[in-house]
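Residue numbers (the numbering used here): 632 to 1161.
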């Protein structure tokens, strides 16, 4: 009882915004927690719309959802998993428990206001702070005066309370909350379908009993072929085992490479992309002429690595049997963070005819199901739209003009310097909008970099220089993968971390010797604070 009471007291959350708080953090998922810890010196206020920490891991997961990386590759540099040697991928419940333990250890609960939904953000800086040679007018992130006014609606109240801050950190996330819905011509959308249509976001809100009852004995179509669609199709097949069960049909528009484990022909996967030597093969932002020429000369070697991985996947998985072998190289999916780890038993269900696959670049609804471009009708009682999320719309919904129109640039990406600072949006940072193999590490290091910026350890370059940098990053990604708009840094993540370490004035080379520097994988533990 005493231990429980002590924990309850330690988890006392913020009930009001103190006048001393200079920094607001919006969202309390992984990025929001990392930001709260790194910016603790500024007594931040973390506004979280829900009653708990964890973000998508708490509120946008299926019963079977697991992490796609081993525990040691998904942990904060200063807080290890209690069972980090467990070879299984953590469940979503384990991840939430891990994040709560992180908040316990560093006393982060005192910064968080739960049930506080940000519905409006107003800019107070005036013309002098925007569209100038120096970011925020002076280049200073904290100027001793309010720059943003944040409108918050608390649970159980229709009133909106406004609070003023010098700096705002957006950690609302790319996933959840706003579903991406396909658009259909009139008379060909869900309104003509006699069955039920549900986005995967709504499916996440159901209990295990409700999901089984929803799918059991029904003809189900799952639209999509990324991780959420694959997991959903497997849950559907499992619910329909036994007498009266129906097969689940996956409607696939764009194929992506899937991986059964982090071993390729007996070699650890990190050898191919996660060492300094491996990443030397790939283009990186801001590289000079000589390195660009070298990258061009190494094109056959990069293609060879990709072909080597593809050969294993084609041998290990029945991709050709089911027409699921992508036309593009594996590296394009890896470089855009679209490589999915297969859940156990997925192709076993396909072999039992409980999961079927149909390819279609376009489709629409019919009264009895979905109609493919070739005129084939797939009958359905229930259609799941595993079509992703519009995370950037969450930002557009609260940001004022003209900043709302600047969230995405002409390339379709968020133009973020060091994956954090928008050159044209002053006194605001964005964390959690750049992807990598370990999004937790990516967010933690960016929050540490942001703390250095707010602490005066370095200064930002001019707005023009930052714009050139983000344009160069977009070009490097565009030349690596056709899916570059996802803003994934997987093929140059070490170089990206090097740049932030250099800004902070800390060691760039983090290993103990040159052999490890070249051949050992980089992970969170290499970036413990010095």
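C-beta atoms are modelled at their ideal positions from N, C-alpha and C, and glycine is treated no differently.
Practice problem: Give me the Cα-Cα distance between residue 780 and residue 1057, rounded to the nearest whole angstrom. | Solution: The residue given as residue 780 occupies position 149 in the chain shown. The residue given as residue 1057 occupies position 426 in the chain shown. In a straight line, the C-alpha of residue 780 is about 13 Å away from that of residue 1057.
Buried or exposed (CB count within 10 angstroms, at least 16 for buried), residue 704
Stepping through the chain shown from its first residue, residue 704 is reached at position 73. The residue is buried, with at least 16 neighbouring Cβ atoms inside 10 Å.
Measuring straight from C-alpha to C-alpha, what distance separates residue 1027 and residue 815?
By 1-based counting over the chain shown, the position of residue 1027 is 396. By 1-based counting over the chain shown, the position of residue 815 is 184. The straight-line gap from Cα to Cα measures roughly 24 Å.
* Kindly indicate the opening and closing residues of the alpha helix (DSSP H) around residue 1080. => Locating residue 1080 in the chain shown gives position 449, counting from the first residue. Under the DSSP assignment, residue 1080 falls in the alpha helix (DSSP H) whose first and last residues are 1070-1085.
Practice item. Kindly indicate the opening and closing residues of the alpha helix (DSSP H) around residue 995. Key: On the chain shown, position 364 is the one that residue 995 refers to. Where residue 995 is concerned, there is no enclosing alpha helix (DSSP H), although the beta strand (DSSP E) it sits in stretches over 994-997.
Tell me residue 702's beta-bridge partners as DSSP assigns them. Start at 1 with the first residue of the chain shown, and residue 702 comes out as number 71. None; residue 702 has no bridge partner.
(Q) Going by C-alpha to C-alpha distance, which of 692, 909, 732 sits closest to residue 711? (A) Position 80 of the chain shown, counting from 1, holds the residue named residue 711. If we check each option's Cα against that of residue 711, 732 comes out closest.
*asked:* What would DSSP say about residue 632, mapped onto helix, strand or coil?
replied: Here the question's residue 632 lines up with position 1 in the chain shown. Interpretation of residue 632 is limited by its pLDDT of 47, a score under 50 that renders its predicted location unreliable; the figure taken from the coordinates is listed afterwards. Three-state result, residue 632: coil.
message = Pairs of beta-carbons, one from the stretch 1110-1125 and one from the stretch 961-978, closer than 8 Å: are there three or more?
response = yes
Below 8 Å on the Cβ atoms is my contact criterion, and I expect residue 675 with residue 742 to pass it. Report the Cβ-Cβ distance as a whole number of Å. By 1-based counting over the chain shown, the position of residue 675 is 44. By 1-based counting over the chain shown, the position of residue 742 is 111. The pair is a contact, with the Cβ atoms about 5 Å apart (cut-off 8 Å).
* Asked: Should the stretch 785-797 be regarded as contacting the stretch 1059-1076, the criterion being three or more beta carbon pairs within less than 8 Å?
  -> no
- Message: Starting from residue 723, trace the alpha helix (DSSP H) in both directions and tell me its first and last residue.
- Response: As a working note, residue 723 is residue 92 in the chain shown. That run of the alpha helix (DSSP H) goes 723-736.
| message | I need the straight-line Cα distance from residue 1163 to residue 1045, nearest angstrom please. | response | No answer is possible for residue 1163: the residues shown for the chain start at 632 and end at 1161.
Problem - Boundaries (first-last residue) of the beta strand (DSSP E) holding residue 990 - result: The residue you call residue 990 lines up with position 359 of the chain shown. Looking at the DSSP string, the run of the beta strand (DSSP E) that includes residue 990 is 986-990.
message = As a quick exercise: from 960, 1068, 943, 790, pick the residue whose alpha carbon is nearest that of residue 898.
response = Residue 898 sits at position 267 when you count from the first residue of the chain shown. When only C-alpha atoms are compared, the closest one is 943.
Excluding the 5 residues flanking residue 1133 on each side, which residues of the same chain have their C-beta closer than 8 Å to its C-beta? Taking the first residue of the chain shown as position 1, residue 1133 is located at position 502. Excluding sequence positions up to five before and after residue 1133, its CB lies within less than 8 Å of the CB of 1139, all in the same chain and listed in chain order.
Taking C-beta to C-beta, are residue 727 and residue 791 nearer than 9 Å? By one-based count along the chain shown, residue 727 stands at place 96. By one-based count along the chain shown, residue 791 stands at place 160. Contact flag unset, no.
Original post:
Are the stretch 879-886 and the stretch 842-861 touching, with three or more C-beta to C-beta distances below 8 Å?
Top reply: yes
What number of angstroms, rounded off, separates the C-alpha of residue 663 from the C-alpha of residue 1151? If you number the chain shown from 1, residue 663 lands on position 32. If you number the chain shown from 1, residue 1151 lands on position 520. Approximately 30 Å between the Cα atoms of the pair.
Practice task
Please list, in chain order, all residues of the same chain as residue 908 whose beta carbon is under 8 Å from its beta carbon, the five residues on each side excluded.
Solution key: As a working mapping, residue 908 is identified with position 277 in the chain shown. Only 1149, 1150 meet the Cβ criterion.
For a minimum of 4 consecutive residues, which ranges assigned as the alpha helix (DSSP H) are wholly contained in the stretch 1077-1158? Along the length of the stretch 1077-1158, whole alpha helix (DSSP H) runs at least 4 residues long occupy 1094-1111, 1124-1135, 1145-1150, reported in chain order.
- request: Please name the residue, chosen from 755, 980, 1054, 994, that lies closest to residue 763 on a Cα-to-Cα basis.
  value: As a working note, residue 763 is residue 132 in the chain shown. Closest option to residue 763, Cα to Cα, is 1054.
### Run of the alpha helix (DSSP H) containing residue 679, from where it starts to where it stops
For the purposes of this step, residue 679 is identified with residue 48 of the chain shown, where counting begins at 1. Where residue 679 is concerned, there is no enclosing alpha helix (DSSP H), although the beta strand (DSSP E) it sits in stretches over 676-679.
Less than 9 Å between the beta carbons of residue 828 and residue 1016, yes or no? Walking along the chain shown from the start, residue 828 turns up at place 197. Walking along the chain shown from the start, residue 1016 turns up at place 385. Contact flag set, yes.
Identify every run of the alpha helix (DSSP H) within the stretch 847-934, keeping only runs that are complete inside it and at least 4 residues long; order them along the chain.
858-870, 901-904, 907-910, 920-928, all fully within the stretch 847-934.
Margin query: Assuming contact is defined by CB atoms lying nearer than 9 Å, are residue 657 and residue 809 in contact in what I supplied?
Written below: Numbered from its first residue, the chain shown carries residue 657 at position 26. Numbered from its first residue, the chain shown carries residue 809 at position 178. Contact flag unset, no.
Suppose the cutoff is 8 Å on Cβ atoms and the five residues either side in sequence are ignored; what does the same chain contact list for residue 1021 look like?
Translated into the one-based positions of the chain shown, residue 1021 becomes position 390. Answer for residue 1021: 809, 810, 811, listed in chain order.
Helix, strand or coil for residue 696 per DSSP? The residue you call residue 696 lines up with position 65 of the chain shown. Coil.
With a floor of 3 residues, list each beta strand (DSSP E) that falls wholly inside the stretch 751-820, ordered by position along the chain. 779-785, 791-796, 798-801
* Asked: Leaving out five residues before and five after residue 867 in sequence, what residues of the same chain have Cβ atoms less than 6 Å from its Cβ?
  -> Along the chain shown, read from residue 1 onward, the residue named residue 867 stands at position 236. 846, 851, 879.
* Helix, strand or coil for residue 940, going by three-state DSSP, please let me know. => Taking the first residue of the chain shown as position 1, residue 940 is located at position 309. Residue state, collapsed to three classes: helix.
Worksheet item: What residue does the alpha helix (DSSP H) around residue 830 start on, and which one ends it?
Response: Residue numbering aside, residue 830 sits at position 199 when the chain shown is read from its first letter. First-last for residue 830: 827-830, but that is the beta strand (DSSP E), not the alpha helix (DSSP H).
So what's residue 1060 in DSSP terms, helix, strand or just coil? Translated into the one-based positions of the chain shown, residue 1060 becomes position 429. Residue 1060: strand per DSSP, three-state reduction.
Check: So, residue 660 versus residue 804, is the Cβ gap smaller than 9 Å?
Finding: Within the chain shown, numbered from 1, the residue matching residue 660 stands at position 29. Within the chain shown, numbered from 1, the residue matching residue 804 stands at position 173. Yes, the Cβ-Cβ distance between residue 660 and residue 804 is below 9 Å.
Just grab the DSSP bridge partners of residue 654 for me.
Start at 1 with the first residue of the chain shown, and residue 654 comes out as number 23. The partner list for residue 654 (beta bridge, DSSP) reads 798.
| message | If you reduce the DSSP assignment to three classes, tell me which class residue 845 lands in. | response | Within the chain shown, the letter at position 214 stands for residue 845. Note: residue 845 maps to helix in three-state DSSP.
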